[in-house]
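In the working numbering, the protein residues as written are 1260 to 1554. Idealized CB from N, CA, C, for every residue including glycine. Here is the structure we will look at, set down as structure tokens.
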Ligand SMILES: [Zn+2]
């Protein structure tokens, strides 16, 4: 290939890479619905068995960890949300929804949002040309067929964002993406200097259970924080959003957060948030829709 190393790139090259997908206009309304001071958007990526399946890892032991996410984690989460009367967004790979169709339908029946999360949790940046688009179209159709609801938002698997991801989002007519990290607050995605019309509900690894808790038997990956330490971090993130009058967004996974010692912390977090006046709990789609017309 004879590729030029990055330290030899000319200005146009590094500017071009950095400028392809950018955070545009911040979308922060003067106030949230009902005069609320902060928006709180909880999300759960219901990956279940698709992570090992994506890697071609068919060992029943590894798959059973994913099974736990559906069998135990998702049920506990739904019960907690129902008890506290809070809506949330569940991003679900299509293969996960096909393995657990009743769960996918339960999300919708309970008033939650179901969003796109790939076909089999594929890595978009590793796919051959055309595959990302084909899998995304198939995934959208599959979720719609299973639940009766066409998804309006996407969280790309592993937050991979390929050179064609935005085009796929626009072709699907999605209202928002939730895979980028350009701000704490919602913003409009700008592509090559042009506003895209797509709202970004930004994520961050700090606000993701997957960086604190998982472990891998044969690697050095081990949980490095206790659930109570993570609770402290998330409360501080929420308090910052509250002070700013902005958005507190959180990403979790049923197979990760769904364990007893972690669900206790999630319940405490929700109770802490709910104890503050002026909190608007919303789905990602509701936040995207609101900021589009009010910011
Ligand atoms: Zn995922």
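To which residues does DSSP link residue 1422 through a beta bridge?
DSSP lists no partner for residue 1422.
I'd like the span of the beta strand (DSSP E) that includes residue 1311, first residue to last.
Secondary structure note for residue 1311: it is in no beta strand (DSSP E), and the uninterrupted alpha helix (DSSP H) holding it is 1309-1313.
Could you tell me if residue 1267 is buried or exposed, where buried requires 16 or more neighbouring beta carbons within 10 angstroms of its beta carbon?
Classification of residue 1267: exposed, given that the 10 Å Cβ count is below 16.
For the pair the stretch 1362-1382 and the stretch 1342-1351, tell me if three or more CB-CB distances fall below 8 Å.
yes
May I have the straight-line CA-CA distance separating residue 1335 from residue 1393, to the nearest angstrom?
34 Å
Residue burial classification, residue 1468 (beta-carbon count within 10 angstroms, cutoff 16)
Around the C-beta of residue 1468, 16 or more other C-beta atoms lie within 10 Å, and the residue is accordingly described as buried.
Given a cut-off of 8 Å, decide if residue 1439 and residue 1493 are closer than it, judged by their beta-carbon atoms.
No, Cβ-Cβ distance for residue 1493 and residue 1439 is not below 8 Å.
Could you say which of 1485, 1532 and 1399 lies nearest to residue 1427 if we only look at CA atoms?
1399
Could you have a look at residue 1437 and say whether DSSP puts it in helix, strand or coil?
coil
Separation of residue 1308 from residue 1569, as counted between CA atoms:
Here the chain covers residues 1260 to 1554 and nothing more, so residue 1569 does not appear.
Identify the residues that DSSP records as bridge partners of residue 1281: which are they?
1449
Contiguous beta strand (DSSP E) assignments of at least 3 residues, all confined to the stretch 1343-1423:
1348-1351 and 1372-1375
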